[in-house]
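In this note's numbering, the protein residues as written are 5 to 245.
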């Protein structure tokens, strides 16, 4: 019996398969269309209190044990407590000890910058805040504090030319404070815009309005909220000397 003939027909497809090397066909798939780009949004601020422990933990891992990093963290905590007690000079000494024990922590020590500012060591304070912003380029407050230091050194106009631009803060009150220091404006408007806000917004708007007046060398502004700071100190029996 003659063998039955079998006719093979090529498969058809609606997708053309171009012939590749070696005569083998491969399907060519186009990547799916992605979503359209989203508009810029505010970058969530990284809480500064989280950066220092993280730095210490990284250093522990690299060095193989707690050692200097743990001791440095203790020094930072002592410095913060001394600052809260009003002993600014002693707080700075502790922050400097922390840097000696663990130099990698310096770029996160915004607390040290505050101590330097209140000791009128503005050049060192500006350097500290610039290091902080380099490590965390979305830190609005460090940008402002750097401006405050440099306004004392060079004047407001020159400090504004040197202003550190950072990412968009997620907090409305800090976005407005940032714009006030960067571009100038009316600090009374900052206070009024958040007078019915949260406790934090009222605090920050009042704090940075007062600091703005200080940067302008206008401590006798007549602003009612600026007077609040003196009343607060009197009610708490804090010395103003």
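Positions of the beta carbon are idealized from the N, C-alpha and C atoms, including for glycine.
Treat the numbers as computed from the prediction; the structure is a model and nothing was measured.
- One thing to note: residue 212 has its Cβ within 9 Å of the Cβ of residue 181.
- Excluding the 5 residues flanking it on each side, residue 130 has same chain C-beta neighbours closer than 6 Å at 150, 153 and 154, in chain order.
- If you draw a 10 Å sphere on the C-beta of residue 107, you find fewer than 16 other C-beta atoms in it, and that means exposed.
- Remark: fewer than three beta-carbon pairs, one from each stretch, lie closer than 8 Å, so the region 136-147 and the region 118-125 are not flagged as touching.
- Pairing residue 109 with residue 87, the inter-Cα distance amounts to about 18 Å.
- Just measuring C-alpha positions, the residue of 166, 201 and 77 sitting nearest residue 178 is 201.
- In terms of Cβ geometry, residue 136 and residue 158 do not form a close pair [threshold 9 Å].
- Out of 184, 190 and 156, the CA that lies nearest to the CA of residue 221 is found in 156.
- The alpha carbon of residue 167 has as its nearest neighbour, out of 187, 97, 94 and 89, the alpha carbon of 187.
- Secondary structure at residue 124: coil, using DSSP grouped into helix, strand and coil.
- The Cβ atoms of residue 74 and residue 101 lie no closer than 9 Å to each other.
- About 4 Å separates the beta carbon of residue 216 from that of residue 191, a gap short enough to meet the 8 Å contact definition.
- Going by beta carbons, residue 115 and residue 83 fall inside the 9 Å limit.
- Here the alpha carbons of residue 184 and residue 98 stand approximately 33 Å from one another.
- Ranking 160, 197, 140 and 85 by CA distance to the CA of residue 172 puts 140 first.
- With respect to the C-alpha of residue 174, the residue from 117, 205, 219 and 104 having the closest C-alpha is 205.
- Nearest to residue 103 by C-alpha distance, out of 138, 198, 125 and 79, is 79.
- Ranked by Cα distance from residue 214, the first of 165, 194 and 161 is 194.
- By a beta-carbon distance limit of 8 Å, residue 160 contacts residue 219. Their separation comes to about 6 Å.
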